[in-house]
Amino acid sequence: MQDEKPNALKRCWSTLRKPSAKYSVLTLLIAGVFGGIIFWGGFNTGMEATNTLSFCISCHEMRDNVYQEYKETIHYSNRTGVRAICSDCHVPKDWTHKLIRKAKASFEIWGKLTGVIDTREKFEANRMRLATDEWERMKASGSRECRNCHNFDAMSSELQKQTPYKKHMKAKEEGKTCIDCHKGIAHHLPKEYEEPED
Amino acid sequence: MKRHIARSTLLVAATTLFVASPLVQAVDADAAKALAKQNNCFKCHAIEKEKDGPAYKKVAEKYRGKANAEARLIEHITSGEKAKFPDGHEEEHKIVKTSPPKDMDQIKNLVQWILSL
Numbered sequence: 000m001q002d003e004k005p006n007a008l009k010r011c012w013s014t015l016r017k018p019s020a021k022y023s024v025l026t027l028l029i030a031g032v033f034g035g036i037i038f039w040g041g042f043n044t045g046m047e048a049t050n051t052l053s054f055c056i057s058c059h060e061m062r063d064n065v066y067q068e069y070k071e072t073i074h075y076s077n078r079t080g081v082r083a084i085c086s087d088c089h090v091p092k093d094w095t096h097k098l099i100r101k102a103k104a105s106f107e108i109w110g111k112l113t114g115v116i117d118t119r120e121k122f123e124a125n126r127m128r129l130a131t132d133e134w135e136r137m138k139a140s141g142s143r144e145c146r147n148c149h150n151f152d153a154m155s156s157e158l159q160k161q162t163p164y165k166k167h168m169k170a171k172e173e174g175k176t177c178i179d180c181h182k183g184i185a186h187h188l189p190k191e192y193e194e195p196e197d
Numbered sequence: 000m001k002r003h004i005a006r007s008t009l010l011v012a013a014t015t016l017f018v019a020s021p022l023v024q025a026v027d028a029d030a031a032k033a034l035a036k037q038n039n040c041f042k043c044h045a046i047e048k049e050k051d052g053p054a055y056k057k058v059a060e061k062y063r064g065k066a067n068a069e070a071r072l073i074e075h076i077t078s079g080e081k082a083k084f085p086d087g088h089e090e091e092h093k094i095v096k097t098s099p100p101k102d103m104d105q106i107k108n109l110v111q112w113i114l115s116l
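Here you go:
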């Protein structure tokens with residue numbers, strides 16, 4: 000005997016495929032536009048909320064380790080009062096790369112749940128691995144997040160000290176980007192890290 | 000007897016001086032290197048090789064046996080005084096920063112490590 004009642008999924012799908020006999024096209028259009036705005040706005044607002052400094056340091060792993068180190072650096076406090084927060088350096092600005100980074104970062108929740116770096120000792124034991132991952136990400140993007148604020152062409156030979164200016168211009172010629180030379184500028188360097196010989 | 004007492008007193012005084020003296024503090028080479036790394040010292044200096052700045056071994060050699068060596072090097076890395084570069088130009092030497100800030104024990108350890116090379 001054949002099943003006379005289709006299951007819930009089939010019924011739902013068949014309802015969705017039927018043209019509306021009750022609502023006008025205009026009503027559906029308005030509902031669609033406003034629904035879309037609310038969904039998109041909510042999604043982006045939620046994503047931006049995860050870009051704030053307070054969100055990043057809501058985990059004690061960040062608050063007790065890298066945040067304390069960052070507070071002693073020029074990216075936190077400086078003469079001109081411009082501050083770069085975590086997301087300025089660690090999250091891409093453009094939407095596509097940001098979404099990819101956020102999707103990858105969601106795997107870090109597993110690390111949080113399993114307590115991979117939940118003590119100072121564990122954090123230090125993993126510092127080289129964590130730093131290397133981030134340096135590789137920055138290298139792959141040509142230090143894109145640094146370059147949101149810093150630019151070889153905007154460096155003044157009069158205002159920058161002679162030695163760093165020469166090194167910057169040489170790096171530009173060689174196709175290097177910021178992360179090739181500037182590691183550990185906002186956090187402590189891993190103890191295993193060795194400065195490469197020139 | 001008097002000579003024995005005098006010898007004992009001298010021995011006790013010498014032991015006390017030895018234990019209390021800050022000069023006998025061992026240099027923490029790992030901590031010194033970590034501070035140098037964090038401050039990018041190795042961008043301009045190396046232990047043996049000449050770079051934009053002199054090799055640390057050469058610095059140690061220059062100041063060996065000089066009474067003011069430690070104070071002179073501390074002044075050099077904390078005051079931002081001018082340093083001469085190989086091409087002859089002069090530039091302010093970077094001020095070494097510590098965490099927590101201005102921790103003179105860390106600065107002294109770094110200088111003592113350089114002088115010990």
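Chains A and B, in that order, give the protein sequences. For the first sequence, position 53 matches number 52 in numbering that gives the first Met the number 0, and the numbering has no gaps at all. For the second sequence, position 109 matches number 108 in numbering that gives the first Met the number 0, and the numbering has no gaps at all. Don't be surprised by glycine CBs; every beta carbon is placed ideally from N, CA and C. Fair warning: this is a prediction, and the values are worked out from it, not measured in the lab.
Start and end of the alpha helix (DSSP H) containing residue i?
{"i": "Ala35/B", "result": "Ala28 to Gln37"}
{"i": "Asp132/A", "result": "Arg119 to Ala139"}
{"i": "Gln161/A", "result": "Gln161 to Glu172"}
{"i": "Tyr66/A", "result": "Tyr66 to Tyr69"}
{"i": "Phe33/A", "result": "Val24 to Ala48"}
{"i": "Leu15/A", "result": "Ala7 to Arg16"}
{"i": "Thr79/A", "result": "From DSSP, Thr79/A is part of no alpha helix (DSSP H); its letter is neither H nor E."}
{"i": "Ala198/A", "result": "Since the first and last residues shown for chain A are 0 and 197, residue 198/A lies out of range."}
{"i": "Asp51/B", "result": "No alpha helix (DSSP H) contains Asp51/B, which DSSP labels as neither H nor E."}
{"i": "Val110/B", "result": "Met103 to Leu114"}
{"i": "Gly64/B", "result": "Careful: Gly64/B lies outside any alpha helix (DSSP H) and carries neither H nor E."}
{"i": "Cys85/A", "result": "Cys85 to His89"}
{"i": "Thr113/A", "result": "Glu107 to Thr113"}
{"i": "Arg62/A", "result": "Careful: Arg62/A lies outside any alpha helix (DSSP H) and carries neither H nor E."}
{"i": "Cys145/A", "result": "Arg143 to Arg146"}
{"i": "His96/A", "result": "Trp94 to Ala104"}
{"i": "Asp179/A", "result": "Cys177 to Cys180"}
{"i": "Leu52/A", "result": "Leu52 to Cys55"}
For residue i, collect the residues of the same chain with a Cβ closer than 6 Å to its Cβ; drop the 5 residues on either side in sequence, then sort them by chain order.
{"i": "Pro99/B", "result": "none"}
{"i": "Phe122/A", "result": "Asn64 and Ile116"}
{"i": "Glu68/A", "result": "His186 and His187"}
{"i": "Ser115/B", "result": "Val26"}
Work out the CA separation of residue j and residue i for me, nearest whole Å.
{"i": "Leu158/A", "j": "Ala82/B", "result": "18 Å"}
{"i": "His89/A", "j": "Lys165/A", "result": "28 Å"}
{"i": "Pro163/A", "j": "Lys42/B", "result": "10 Å"}
{"i": "Glu60/A", "j": "Ala102/A", "result": "20 Å"}
{"i": "Ser236/A", "j": "Asn6/A", "result": "Residue 236/A lies beyond the range of chain A shown here (0 to 197); nothing can be said about it."}
{"i": "Pro21/B", "j": "Asp104/B", "result": "Confidence in Pro21/B is poor, its pLDDT being 47 and thus under 50, which makes the residue's placement unreliable; the coordinate value appears in the next sentence. Roughly 11 Å between the two C-alpha positions."}
{"i": "Phe33/A", "j": "His181/A", "result": "46 Å"}
{"i": "Ser83/A", "j": "Ile56/A", "result": "A small correction: the amino acid at residue 83/A is Ala; Ser does not occupy that position in the sequence shown. Their backbone Cα atoms lie some 14 Å apart in a straight line."}
{"i": "Met154/A", "j": "Asn125/A", "result": "35 Å"}
{"i": "Cys85/A", "j": "Gly183/A", "result": "14 Å"}
{"i": "Leu8/A", "j": "Thr49/A", "result": "35 Å"}
{"i": "Leu188/A", "j": "His149/A", "result": "21 Å"}
{"i": "Trp39/A", "j": "Ser53/A", "result": "23 Å"}
{"i": "His88/B", "j": "Gly79/B", "result": "15 Å"}
{"i": "Ser105/A", "j": "Cys58/A", "result": "14 Å"}
{"i": "Thr44/A", "j": "Glu107/A", "result": "21 Å"}
{"i": "Arg62/A", "j": "Thr51/A", "result": "13 Å"}
{"i": "Lys97/A", "j": "Gly41/A", "result": "16 Å"}
{"i": "Met0/A", "j": "Leu28/A", "result": "Confidence at Met0/A is low in this model, with a pLDDT of 46, below 50, so its placement is unreliable and the value that follows should be read with caution. Their Cα atoms are separated by approximately 43 Å."}
{"i": "Leu129/A", "j": "Gly35/A", "result": "38 Å"}
Going by DSSP, name the residue or residues bridged to residue i.
{"i": "Lys83/B", "result": "Glu89/B"}
Between which residues of its own chain and residue i is the CB-CB distance below 7 Å, once the five residues before and five after are set aside?
{"i": "Val65/A", "result": "His186"}
{"i": "Lys48/B", "result": "Ala54"}
{"i": "Asp51/B", "result": "Cys43, Phe84 and Pro85"}
Can you find a heavy atom of the ligand HEM that lies under 7 Å from the Cβ of residue i?
{"i": "Leu72/B", "result": "What this structure holds is no ligand at all, so the ligand HEM is not there to describe."}
Check your understanding: Would you call the segment 68-76 of chain A and the segment 17-33 of chain A touching, i.e. three or more CB-CB distances under 8 Å?
Key -> no
Point to revise | Stretch pair the segment 137-154 of chain A + the segment 166-186 of chain A: three plus CB contacts closer than 8 Å | key: yes
Practice item. Flag this pair as touching only if the segment 32-48 of chain B and the segment 88-95 of chain B have three or more C-beta atom pairs under 8 Å; answer yes or no. Key: In this structure the segment 32-48 of chain B lies against the segment 88-95 of chain B, because at least three pairs of beta carbons, one per stretch, are closer than 8 Å.
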